[in-house]
Structure formats: structure tokens, C-alpha cells
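I have placed the structure first, in the form of C-alpha cells, so that the comments after it can refer back to it.
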Amino acid sequence: MAPMARRKISNRGRVLAAGLCLGATGLLAGLMAATDDTGNASAGTPSGGNSGAIVPGSSNSGFDGSSDTDGDGRVGDPGDYSGTQGQVPSGFGDDRGSSGSSSGSTSQQPSQQPRFPQPNTRSGGS
Amino acid sequence: MAGHTWWYVARAGGLVAWGLVVASCAWGLLHATRALGRRPTPAWMLSTHRYLGALAVVFTGVHVLGLVADSYVHFGITDVLLPFASSWHPVAVAWGVVAMWLLLAVEGTSLARQHLPQRVWRGIHLLSYPILALTTVHLLSAGTDAKSLVPETLAVALGVLAVFGAAVLLTWRSAPKTRTEPRPPVTSG
Numbered sequence: 126m127a128p129m130a131r132r133k134i135s136n137r138g139r140v141l142a143a144g145l146c147l148g149a150t151g152l153l154a155g156l157m158a159a160t161d162d163t164g165n166a167s168a169g170t171p172s173g174g175n176s177g178a179i180v181p182g183s184s185n186s187g188f189d190g191s192s193d194t195d196g197d198g199r200v201g202d203p204g205d206y207s208g209t210q211g212q213v214p215s216g217f218g219d220d221r222g223s224s225g226s227s228s229g230s231t232s233q234q235p236s237q238q239p240r241f242p243q244p245n246t247r248s249g250g251s
Numbered sequence: 130m131a132g133h134t135w136w137y138v139a140r141a142g143g144l145v146a147w148g149l150v151v152a153s154c155a156w157g158l159l160h161a162t163r164a165l166g167r168r169p170t171p172a173w174m175l176s177t178h179r180y181l182g183a184l185a186v187v188f189t190g191v192h193v194l195g196l197v198a199d200s201y202v203h204f205g206i207t208d209v210l211l212p213f214a215s216s217w218h219p220v221a222v223a224w225g226v227v228a229m230w231l232l233l234a235v236e237g238t239s240l241a242r243q244h245l246p247q248r249v250w251r252g253i254h255l256l257s258y259p260i261l262a263l264t265t266v267h268l269l270s271a272g273t274d275a276k277s278l279v280p281e282t283l284a285v286a287l288g289v290l291a292v293f294g295a296a297v298l299l300t301w302r303s304a305p306k307t308r309t310e311p312r313p314p315v316t317s318g
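Protein sequences appear in the order of chains Y and C. The numbering used here applies: residue 126 is where the first sequence begins, and numbers increase by one. The numbering used here applies: residue 130 is where the second sequence begins, and numbers increase by one.
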């Protein structure tokens, strides 16, 4: 009966809710790290350096990687895509250069595959 | 992998923030419609609703800060604060940026509710529905995890629920004038 008359959420409730959210964040981040790690590290992606980073302005290749799953048919993509394409070449070239150094013979297509852990993992790498 | 920690935190924080937005909206609807009856007191429902909203703001902050702090995906401060500033999925990211500002507006006006006219507060508070829609679109269009963690069917169901809930709320709002009064001593005479 006492709880019925409760006027506000209790401090214990607050802590519990916040802890739950933090736990969920940690769990999700851990899951992402685990799944991405399998797709990423084994694929030989330059995991540490900036050379393998997704640069928003130059992530056309990343977008390609994700577009199989996320990007293609989605909101605003046509505009985004063409917009990014215009400024991609430099960054794209940089990315390629770095991945080329890791695989040695990377030419054009392969750079899309191992480059970005998340999109590639989601798209199944194809 | 350690280098991507912030990237994972940003993604996970975004997902949790979205869940909190959904929960806060649902809680607000339950509170406004009194759908749960009198068991949880309205004050407790309101308090919980507000707390969920505050948590949503906090985890949106985690999401944004994670993106800025991360060195794997290069988002600058302007990219995450200004719509269409990001050249990576500018439109998809813009949904999230706009939703973030709207969320801050809703939260801010809720904190300052006592100092605002009721009509103004309510008008701004109704932006919660666009926020829900925008964050969902943002999640599905820009979110890397949309396919794996949140099936599109769930988003559609969520949209239907939101519309349905809003409709229920509106009809409920129009009814209380006749309904609230008879409650205490309906048949006294």
C-alpha cells in the first residue's frame, strides 16, 4: 500500500534505471566490438591508424560498404551520395593507399571490403 | 579494437538514447491517458517520464560526445551540431541533429515549465512526436546497426503505436471534461 502513494520515482529507481542504461550501453558496445572485431581484425583493416578511419567527407567507400545494407534505398541518399562523391577522391585515394600497402595488390574493389568494420560486417562483406 | 572504443560507445549510446526516447514518449502517453489507472500515482508516472527524458538527453550526449571523441569516424563538432554540416550522409545525420535540438528544447522547457505559459509548454512538448519520428529515421538511415538490431518492422510498429497513442491521447483529452467530474461523488443525489 505504501508504494501506491509514492509521489516520485525513488532514488533507488533512478540509480537502477541509470545503471540499466549504462549496462545496456556497455553490453551493446561490447557486442559491437566483438562482432566488428571478427570482421575487422581478420580482414586486415588498418585498425589503429587514421589511415583506416572513416572520414565523413571522404567516406564514400565506407558508404559503399554500408550502402548494401543501409544506404542504398534510404532517405536522402541520392543527394548525400552524389554530394559526397564530389569530394571523395582525395580521401578515397588516401584510404586506398593505406589499404594497398597492407595487402600489396589492392586495386579497386577490395578496398571496399575490409575497410570499414561496421558496414562490412553488417553487409556480410559483400 | 581499442582504438574504436569511442565509436562503439557512440553507437551504443545512440541506440540506448533512442530506446529512452521511445520509453519516455510511451511513459508520457501512459501518464496523459491514465491508461494504467491510479495504481502508479500520476505524480510517480510524471516523475518517471521526466527522468526517462533526462536520461535520453544524457545518452544523446554520450552518443554525440562519442562521435566527436572518436578518431575512427571523423566527426567534427560542427558535424554533430549543425544539420547538413556533415558530408557523411548529411541528410541522415541531419535528422539526428534536428532531433537532438528538439529534444533539448523539450527538456529545457519542461525544466522551466513553471515559468512558461501552459500553451507554450504544451506546444513545444508536442514536438516529442517529431523527435520520435526523426530519431527513428536517423537510426534507420544513418545507423550502422539498423539492420541487425532494430528490424524495420519494429520501427513501423513503433510509428503505428505512436500515431495510435497520439490519437488516443487526443480523444482522451477531449473527454475528461465530462469524465473527471463525476468520479468522486457520482451518485450523491
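A virtual CB, placed ideally from N, CA and C, is assigned to each residue, including glycine.
- Nearest CB-CB separation between residue 137/Y and chain C: not below the 9 angstroms threshold.
- With a threshold of 16 other beta carbon atoms within 10 Å, residue 135/Y falls short and is exposed.
- Taking a Cβ-Cβ threshold of 7 angstroms, the residues of chain Y close to residue 180/C are 134, 139 and 142, in chain order.
- Counting the other Cβ atoms within 10 Å of the Cβ of residue 244/C gives fewer than 16, which makes it exposed.
- Rounded to the nearest whole angstrom, the C-alpha separation of residue 132/Y and residue 158/C is 18 angstroms.
- Among the residues of the segment 154-181 of chain C, those with a Cβ less than 7 angstroms away from any Cβ of chain Y are 168, 170, 172, 173, 176, 177 and 180, in the order of the chain.
- Taken in chain order, the complete beta strand (DSSP E) segments of 3 or more residues contained in the segment 234-273 of chain C number zero; there are none.
- Per DSSP, the unbroken alpha helix (DSSP H) holding residue 192/C starts and ends at 171-198.
- At a Cβ-Cβ threshold of 9 angstroms, residue 149/Y and residue 180/C do not count as neighbours.
- By the 16-neighbour rule on beta-carbons within 10 angstroms, residue 142/C is buried.
- Chain Y has a Cβ within less than 9 angstroms of the Cβ of residue 141/C.
- Taken atom to atom, the span from the alpha-carbon of residue 235/C to that of residue 155/C is near 15 angstroms.
- Judged by DSSP secondary structure, residue 155/C falls within the alpha helix (DSSP H) whose first and last residues are 134-162.
- Taking CB atoms only, residue 186/C has no neighbour in chain Y less than 9 angstroms away.
- For the segment 258-269 of chain C, the set of residues with a beta-carbon nearer than 8 angstroms to any beta-carbon of chain Y comprises 266 and 269, in chain order.
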